[in-house]
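Let me begin by presenting the structure, written as structure tokens, before commenting on it.
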């Protein structure tokens, strides 16, 4: 292994300091790439702490900011580097890892029966745009609906995304505010999704004659 020092190059403009890049330099002054084989290896633990190594096993970065920070530091030091990520005994490419940690997305629509006051729910549960499962449930009041939502959120490995096709009662909104939900993940919802889910909720209600869970 070639011995080198790693330097941070900083730009200062109008009294603002900006980290520009990182590079390696030998004792003879030869500039070297940070990742000689254009390959970085990231080890991530359950708490999001990471360690970035070269393909030769040299540790360059350690941090607590999770995979986004690790990838950002790699790309900043040497853009277009191939990244291999290790977590939980499994190995991922950059794209595969982001697919792995993508949150589950719930699409939920309601049908409310004015005569009985019962609420029918139709939902789809998706990940990376792929349907995992779907279903319908019927409840007698908003609190039961809120309890059902809470149970779904808590059962997920990571904070899920919740999208609703209808206005939610204040009691349900308050319950959701207490839960760990992913508010930042972008979700594209196809046209016609909400009418289709509402129709499923209504059909389920009629089929089961309003029988609640």
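In this note's numbering, the protein residues as written are 956 to 1168.
Using N, Cα and C, we set each Cβ at its ideal position, and we do this for glycine too.
Since we're looking at a predicted model, the values are computed, not measured.
The alpha-carbon separation between residue 1146 and residue 1056 amounts to approximately 26 Å.
DSSP places residue 1157 inside the alpha helix (DSSP H), whose first and last residues are 1148-1162. Taken in chain order, the unbroken stretches of beta strand (DSSP E) that lie wholly in the stretch 1041-1104 and span 3 residues or more are 1045-1048, 1060-1067, 1074-1082 and 1085-1094. With contacts defined as CB atoms closer than 8 Å, residue 1012 and residue 994 fail to qualify as a contacting pair.
Across the set 1019, 998 and 1074, the C-alpha of 998 shows the shortest separation from the C-alpha of residue 1038. Between residue 1141 and residue 1061 a beta carbon distance of about 15 Å is seen, past the 8 Å cut, so the two are scored as non-contacting.
Assigned with DSSP and collapsed to three states, residue 1118 falls in strand. Contact check for residue 1078 against residue 1093 fails: the beta carbons are separated by 8 Å or more.
Cα atoms of residue 1001 and residue 1113: separation of roughly 12 Å, rounded to the nearest angstrom. Beyond the five residues adjoining it in sequence on each side, residue 1151 comes within less than 6 Å, by CB distance, of no other residue in the same chain. Taking C-beta separations shorter than 8 Å and ignoring five residues to either side along the sequence, the partners of residue 1127 in its chain run 1097, 1100, 1101 and 1104, following chain order. Look at residue 1018 here: in three-state DSSP terms it is strand. By the CB criterion at 8 Å, residue 1003 and residue 1021 fall inside the cutoff.
Closest by C-alpha distance to residue 996, out of 1024, 1034, 1018 and 1046, is 1046.
Residue pairing by DSSP places residue 1008 opposite 996 and 1014 in a beta bridge. Apart from sequence neighbours up to five positions away, the residues of its chain that approach residue 1107 with a beta-carbon distance below 7 Å are 1061, ordered along the chain. Relative to the Cα of residue 1109, the nearest Cα in the group 1059, 1066 and 1005 belongs to 1059.
Under the three-state reduction of DSSP, residue 1142 is assigned to coil, being neither helix nor strand. DSSP lists 994 as the bridge partner or partners of residue 1037. With a threshold of 16 other beta carbon atoms within 10 Å, residue 1036 meets it and is buried. The Cβ atoms of residue 1118 and residue 1136 do not sit closer than 8 Å to each other.
Here DSSP, grouped into helix, strand and coil, assigns residue 1123 to coil.
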